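Everything on this sheet refers to the single structure shown next.
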Amino acid sequence: MVNTKVTLCGIQLDNPVIPASGTFGYGYEFAELYDINCLGTFSFKGTTKDPRFGNPTPRIAECPAGMINAVGLQNPGVDQVIREELPKLKKVFHKPVMANVSGFSIEDYAYTCARLDQEEQVGWLEVNISCPNVHGGGMSFGTSPQAAGEVTRAVKAVTTKPVIVKLSPNVTDIVSIAKACEEAGADGLSLINTLLGMRIDIARRRPVIANTMGGFSGSAIFPVAVRMVYQVAQAVKIPVVGIGGVSTAEDVIEMMMAGATAVQVGAANLTDPFVCRDIVEELPRAMARYKIQDLSQIIGGIQLWEKT
Amino acid sequence: MVNTKVTLCGIQLDNPVIPASGTFGYGYEFAELYDINCLGTFSFKGTTKDPRFGNPTPRIAECPAGMINAVGLQNPGVDQVIREELPKLKKVFHKPVMANVSGFSIEDYAYTCARLDQEEQVGWLEVNISCPNVHGGGMSFGTSPQAAGEVTRAVKAVTTKPVIVKLSPNVTDIVSIAKACEEAGADGLSLINTLLGMRIDIARRRPVIANTMGGFSGSAIFPVAVRMVYQVAQAVKIPVVGIGGVSTAEDVIEMMMAGATAVQVGAANLTDPFVCRDIVEELPRAMARYKIQDLSQIIGGIQLWEKT
Amino acid sequence: MKQSVFTIQENTPLTRDVMKMVLLGDTSAITAPGQFVNIRLAGRFLRRPISVCDWDGKTLTLIYKVVGHGTAQMKAMVPGEKLDLLTGLGNGYDLSVAGDHPLLIGGGVGVPPMYGLAKALIQAGKAVQVILGFNTWEECFYEEAFQALGCAVTVTTVDGSYGTKGFVTDALPEHYTHFYACGPEPMLKAVHASTATSGQLSFEERMGCGFGACMGCSCKTLTGYKRICKEGPVMRKEEIAW
Amino acid sequence: MKQSVFTIQENTPLTRDVMKMVLLGDTSAITAPGQFVNIRLAGRFLRRPISVCDWDGKTLTLIYKVVGHGTAQMKAMVPGEKLDLLTGLGNGYDLSVAGDHPLLIGGGVGVPPMYGLAKALIQAGKAVQVILGFNTWEECFYEEAFQALGCAVTVTTVDGSYGTKGFVTDALPEHYTHFYACGPEPMLKAVHASTATSGQLSFEERMGCGFGACMGCSCKTLTGYKRICKEGPVMRKEEIAW
Numbered sequence: 176m177v178n179t180k181v182t183l184c185g186i187q188l189d190n191p192v193i194p195a196s197g198t199f200g201y202g203y204e205f206a207e208l209y210d211i212n213c214l215g216t217f218s219f220k221g222t223t224k225d226p227r228f229g230n231p232t233p234r235i236a237e238c239p240a241g242m243i244n245a246v247g248l249q250n251p252g253v254d255q256v257i258r259e260e261l262p263k264l265k266k267v268f269h270k271p272v273m274a275n276v277s278g279f280s281i282e283d284y285a286y287t288c289a290r291l292d293q294e295e296q297v298g299w300l301e302v303n304i305s306c307p308n309v310h311g312g313g314m315s316f317g318t319s320p321q322a323a324g325e326v327t328r329a330v331k332a333v334t335t336k337p338v339i340v341k342l343s344p345n346v347t348d349i350v351s352i353a354k355a356c357e358e359a360g361a362d363g364l365s366l367i368n369t370l371l372g373m374r375i376d377i378a379r380r381r382p383v384i385a386n387t388m389g390g391f392s393g394s395a396i397f398p399v400a401v402r403m404v405y406q407v408a409q410a411v412k413i414p415v416v417g418i419g420g421v422s423t424a425e426d427v428i429e430m431m432m433a434g435a436t437a438v439q440v441g442a443a444n445l446t447d448p449f450v451c452r453d454i455v456e457e458l459p460r461a462m463a464r465y466k467i468q469d470l471s472q473i474i475g476g477i478q479l480w481e482k483t
Numbered sequence: 176m177v178n179t180k181v182t183l184c185g186i187q188l189d190n191p192v193i194p195a196s197g198t199f200g201y202g203y204e205f206a207e208l209y210d211i212n213c214l215g216t217f218s219f220k221g222t223t224k225d226p227r228f229g230n231p232t233p234r235i236a237e238c239p240a241g242m243i244n245a246v247g248l249q250n251p252g253v254d255q256v257i258r259e260e261l262p263k264l265k266k267v268f269h270k271p272v273m274a275n276v277s278g279f280s281i282e283d284y285a286y287t288c289a290r291l292d293q294e295e296q297v298g299w300l301e302v303n304i305s306c307p308n309v310h311g312g313g314m315s316f317g318t319s320p321q322a323a324g325e326v327t328r329a330v331k332a333v334t335t336k337p338v339i340v341k342l343s344p345n346v347t348d349i350v351s352i353a354k355a356c357e358e359a360g361a362d363g364l365s366l367i368n369t370l371l372g373m374r375i376d377i378a379r380r381r382p383v384i385a386n387t388m389g390g391f392s393g394s395a396i397f398p399v400a401v402r403m404v405y406q407v408a409q410a411v412k413i414p415v416v417g418i419g420g421v422s423t424a425e426d427v428i429e430m431m432m433a434g435a436t437a438v439q440v441g442a443a444n445l446t447d448p449f450v451c452r453d454i455v456e457e458l459p460r461a462m463a464r465y466k467i468q469d470l471s472q473i474i475g476g477i478q479l480w481e482k483t
Numbered sequence: 003m004k005q006s007v008f009t010i011q012e013n014t015p016l017t018r019d020v021m022k023m024v025l026l027g028d029t030s031a032i033t034a035p036g037q038f039v040n041i042r043l044a045g046r047f048l049r050r051p052i053s054v055c056d057w058d059g060k061t062l063t064l065i066y067k068v069v070g071h072g073t074a075q076m077k078a079m080v081p082g083e084k085l086d087l088l089t090g091l092g093n094g095y096d097l098s099v100a101g102d103h104p105l106l107i108g109g110g111v112g113v114p115p116m117y118g119l120a121k122a123l124i125q126a127g128k129a130v131q132v133i134l135g136f137n138t139w140e141e142c143f144y145e146e147a148f149q150a151l152g153c154a155v156t157v158t159t160v161d162g163s164y165g166t167k168g169f170v171t172d173a174l175p176e177h178y179t180h181f182y183a184c185g186p187e188p189m190l191k192a193v194h195a196s197t198a199t200s201g202q203l204s205f206e207e208r209m210g211c212g213f214g215a216c217m218g219c220s221c222k223t224l225t226g227y228k229r230i231c232k233e234g235p236v237m238r239k240e241e242i243a244w
Numbered sequence: 003m004k005q006s007v008f009t010i011q012e013n014t015p016l017t018r019d020v021m022k023m024v025l026l027g028d029t030s031a032i033t034a035p036g037q038f039v040n041i042r043l044a045g046r047f048l049r050r051p052i053s054v055c056d057w058d059g060k061t062l063t064l065i066y067k068v069v070g071h072g073t074a075q076m077k078a079m080v081p082g083e084k085l086d087l088l089t090g091l092g093n094g095y096d097l098s099v100a101g102d103h104p105l106l107i108g109g110g111v112g113v114p115p116m117y118g119l120a121k122a123l124i125q126a127g128k129a130v131q132v133i134l135g136f137n138t139w140e141e142c143f144y145e146e147a148f149q150a151l152g153c154a155v156t157v158t159t160v161d162g163s164y165g166t167k168g169f170v171t172d173a174l175p176e177h178y179t180h181f182y183a184c185g186p187e188p189m190l191k192a193v194h195a196s197t198a199t200s201g202q203l204s205f206e207e208r209m210g211c212g213f214g215a216c217m218g219c220s221c222k223t224l225t226g227y228k229r230i231c232k233e234g235p236v237m238r239k240e241e242i243a244w
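Protein chains in written order, with the numbering used here: chain A, 176 to 483; chain B, 176 to 483; chain C, 3 to 244; chain D, 3 to 244.
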């Protein structure tokens with residue numbers, strides 16, 4: 176029997192497969208399709224202090240091996256999430272869940288995290304400092320080590336739950352930002368959020384997306400994600416959650432070998448609603464194929480080529 | 176009759192299609208396949224002061240909708256390029272060619288550019304400050320506005336030919352680097368170079384590429400390229416050459432609508448050696464489909480959505 | 003919602019750009035006319051949402067217009083080829099409020115879902131009036147199909163090359179108990195403004211998933227935010243924020 | 003080099019992992035045994051380089067091992083399906099220096115190019131000795147094919163389950179005028195070290211383009227830098243930098 180269990184910030188997961196925030200709602204839509212308790216956990220829809228409609232439509236553009244979204248953090252706000260969404264979530268999912276939080280100021284982040292800290296089912300707070308789709312916030316915290324550290328500290332001050340900071344790939348030096356978060360007390364890091372991308376409707380001569388640009392995800396970004404996970408995992412001691420273009424059990428293994436303790440699956444959920452269930456089922460078979468006994472043993476387990 | 180002509184830094188091109196450096200050698204291999212004079216121009220293999228073997232193999236990794244290369248600027252050095260390669264090039268290509276130059280110090284860049292400045296067939300110097308595959312140089316010039324400006328100034332001092340600076344996408348703020356190059360006298364900018372990426376051979380538990388990471392290109396990166404071309408073209412007055420994931424005539428049109436005056440085709444040459452010829456042939460038909468009379472009129476010609 | 007593989011039985015042109023595709027497979031998730039399916043195509047990241055024209059226990063009929071690379075790829079497919087579909091997406095039309103004389107209005111690629119709706123309403127004993135709007139004669143399709151169901155059909159063309167000259171709103175009858183409309187947004191707006199009764203309108207938007215996960219196709223209505231793929235694509239006239 | 007579309011005529015297993023594919027198409031660019039073709043596969047960015055086993059005016063035979071997603075995809079293809087190939091890639095073997103009694107050494111997936119070479123050498127009137135090396139009996143293929151050409155064939159298996167136990171170098175004959183080798187690098191190194199005559203060895207490397215454009219597969223030789231896809235894949239023993 177192979178062992179798919181991993182431990183993320185002190186909480187054991189049955190397997191490292193985690194649907195990423197914004198691609199899995201609050202879980203109950205997918206629970207109509209399959210028993211989502213097969214998952215390691217999932218990260219629920221990015222939640223902010225106040226309710227948000229998000230950006231105007233169109234919000235979606237297709238790309239080779241990927242897509243752009245500019246949803247812009249549509250969510251009912253933390254109060255309603257706690258009042259209405261989490262009870263529904265609890266009925267269909269019986270494991271600790273990852274609460275994804277966004278904000279437009281440090282106070283926002285702290286407020287929302289403090290509220291979610293009170294929720295028993297929340298296992299981890301995933302603090303998104305990297306949303307490319309909102310102005311005056313989101314990604315701007317994720318592109319400066321100072322700001323990233325400040326958000327981390329503010330959130331850590333209001334919660335005893337593990338804090339995982341979600342990083343932006345749209346930076347020159349992701350390692351400096353990762354280290355700033357680690358020094359500020361982050362318990363883990365998740366990366367990468369979407370790359371900033373753009374498509375043009377050449378027939379109508381305007382951007383496909385009403386917001387001009389958006390977050391680019393899908394298998395196209397996998398090599399960038401693997402690279403950044405590798406760089407960050409080499410540089411920090413806290414666990415890294417690998418995200419970006421994962422759609423198969425082999426991708427999960429590759430992310431873990433790059434240094435990820437657990438792995439999120441994002442855009443793939445949108446084109447194949449059963450993909451996470453299928454990955455969970457395939458994982459033991461893939462482990463057998465690659466002669467992996469214990470999944471937690473492969474984290475960061477690669478040998479570089481000798482210099483010649 | 177549609178008009179495919181564009182003017183790049185004062186030199187008119189029959190069409191905006193330019194094979195990118197490192198995917199087209201010095202042209203004569205492709206000249207065995209078709210008459211390469213159908214091209215607008217091409218950018219020849221990145222040339223350095225001294226001969227270089229480049230990085231150890233394997234240098235290539237496959238990715239979804241793209242590939243990683245870590246060739247590491249293999250080239251025979253500028254002296255031999257001038258002595259042996261350019262005469263061969265001249266026999267098969269009768270238009271101004273773009274000379275791509277890399278270096279490990281500002282003196283390197285200036286030396287190589289000064290040598291190539293003397294070559295009559297060289298129409299433009301494309302100064303690559305963004306190669307991700309060499310240490311202690313290349314990309315490091317492309318990730319700081321100061322260094323990018325210094326290289327630009329040094330090159331401008333030794334040549335009267337138009338200087339096009341090739342930018343790295345692996346930065347937080349490509350606009351600041353673009354502006355620094357413009358202020359330092361660059362006549363044009365080309366972007367994007369490859370994204371830094373990595374793949375792991377999970378059976379052998381080592382990076383696919385001997386050099387661990389490499390430059391990620393192919394249609395996967397097109398949305399990032401379009402976004403950066405748009406951002407830079409909005410911010411500078413000098414022409415922008417769009418690069419990144421282009422493989423069809425429609426991609427050329429999309430890049431130009433984003434703000435590119437001309438467009439380079441890179442990785443696609445490696446999987447379809449006739450792709451540039453085919454794009455040149457398809458371009459007038461595609462223009463007719465999209466009701467474009469004069470290609471130079473669509474440069475940056477998009478209307479943003481109204482804010483709602 | 004169900005994910006399953008269908009086999010193409012027929013894929014034939016109705017007009018220059020409009021194709022009819024009949025598929026064999028598991029249609030059990032389809033519960034109402036006006037729903038759509040989401041089709042995975044080789045080499046395309048996103049699925050293609052296509053409204054259901056008609057279905058029975060075994061077959062599914064789609065009518066689609068070739069507008070881009072994805073639909074061009076569908077056009078090139080031949081009987082025997084297989085397609086991965088998500089079926090039973092969206093709310094579909096509510097038949098219970100049709101009244102005795104419902105009016106169905108379809109414009110261009112908004113015509114197909116009206117067919118399945120007309121069939122169901124006729125089966126329920128209603129007297130169905132249909133207005134089909136096209137730009138020009140060459141683009142017209144399915145008039146006879148609706149007539150064969152027993153509908154009273156009016157065709158309008160913008161250029162007057164066939165039927166009544168003008169827009170669908172130029173052919174509105176005096177009396178109808180409820181209307182159902184599907185077509186381009188300007189048509190829907192005109193219908194919304196020109197109709198006196200209650201009605202249901204079906205909307206389009208670029209979608210990520212098609213099943214409510216990504217919030218890619220949200221819209222604001224008078225009764226709150228709705229996902230066109232989940233709470234839609236059919237909205238009641240009364241809730242539309244125009 | 004030529005780019006053209008071939009039609010699969012046959013795609014059958016020789017062993018559990020090794021497949022033989024016969025293709026119909028324009029083989030005119032193939033000029034020497036030891037060259038390779040580069041195959042475009044749907045959904046894969048890079049082409050797959052496969053050595054030519056045999057060819058005539060109309061058909062091309064490839065023998066390939068299923069090692070990854072690309073070759074697994076090839077295995078699933080059926081007669082009638084089409085493949086976009088670049089043909090005539092690489093230098094191929096030089097037959098002019100074979101002498102009267104050339105020795106051909108193929109290991110595993112290095113066996114196929116030896117077949118076309120053997121055929122050409124026999125046609126040129128040479129007495130051809132062949133050593134085919136495999137890991138085990140189940141992996142052996144093409145012994146009879148070489149015998150049918152008129153070659154003297156020795157098979158070695160590492161585990162001794164068939165033929166001579168050991169490596170190809172354990173079966174080297176006393177006399178031969180020149181050798182040709184293709185196989186995994188450890189085998190090539192052993193052959194290089196164990197042979198007394200001149201010879202030619204064929205190399206593998208991950209390739210970008212396969213036709214000399216990208217410098218992805220460069221290697222250092224005693225006579226300078228070479229591209230395995232262009233100046234190779236065949237190197238002369240004398241120039242190899244071991």
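Where a beta carbon is used, it is the ideal one built from N, C-alpha and C, also for glycine.
Keep in mind that this is a model prediction, so the values were computed, not measured.
By the rule that beta-carbons nearer than 8 angstroms mark a contact, C/Glu-207 touches chain A. Per DSSP, the unbroken alpha helix (DSSP H) holding B/Glu-425 starts and ends at 424-433. Secondary-structure assignment with DSSP links D/Val-157 through a beta bridge to D/Leu-134. As summarised for the segment 94-119 of chain C, the continuous beta strand (DSSP E) elements at least 3 residues long and confined to that stretch are 104-109, given in chain order. In the three-state reduction of the DSSP assignment, A/Pro-320 falls in the helix class, which pools H, G and I. Looking from the CA of B/Gly-434, the closest CA among B/Ala-424, B/Gln-409, B/Ala-443, B/Glu-457 belongs to B/Gln-409.
Collapsing the DSSP output to three states places C/Leu-85 in a strand. For B/Gln-249, the chain D residues whose Cβ falls inside 9 angstroms of its Cβ are Met-217, Ser-220, Tyr-227, in order along the chain. Pro-251: these are the residues of the segment 251-278 of chain B whose beta carbon lies less than 9 angstroms from some beta carbon of chain D, given in chain order.
The Cβ of A/Ala-329 sits no closer than 8 angstroms to any Cβ of chain B.
Neighbourhood of B/Pro-320 in chain A, by CB distance below 7 angstroms: empty, with the nearest CB roughly 11 angstroms away. Using a Cβ-Cβ cut-off of 8 angstroms, D/Arg-238 does not count as an interface residue toward chain B, since no Cβ of chain B sits closer than that to its own.
In this structure, B/Ser-218 sits near B/Glu-301, with a CB-CB distance shorter than 8 angstroms. In this structure B/Val-272 does not touch B/Val-438 by the C-beta definition: roughly 16 angstroms separates them, more than the 8 angstroms allowed. Per the DSSP secondary-structure output, A/Ala-236 pairs in a beta bridge with A/Ile-243. The secondary-structure analysis by DSSP pairs D/Thr-166 across a beta bridge with D/Thr-158. Taking a Cβ-Cβ cut-off of 7 angstroms, the neighbours of A/Ala-240 in chain C comprise Phe-47, given in sequence order. A/Glu-301 has a beta carbon lying at 8 angstroms or more from every beta carbon in chain C. Collapsing the DSSP output to three states places A/Asn-212 in a helix. Straight-line spacing of the CA atoms in B/Phe-199 and D/Ile-107 works out to 36 angstroms.
About 7 angstroms separates the Cβ atoms of C/Met-76 and C/Leu-43, confirming a contact at the 8 angstroms cut-off.
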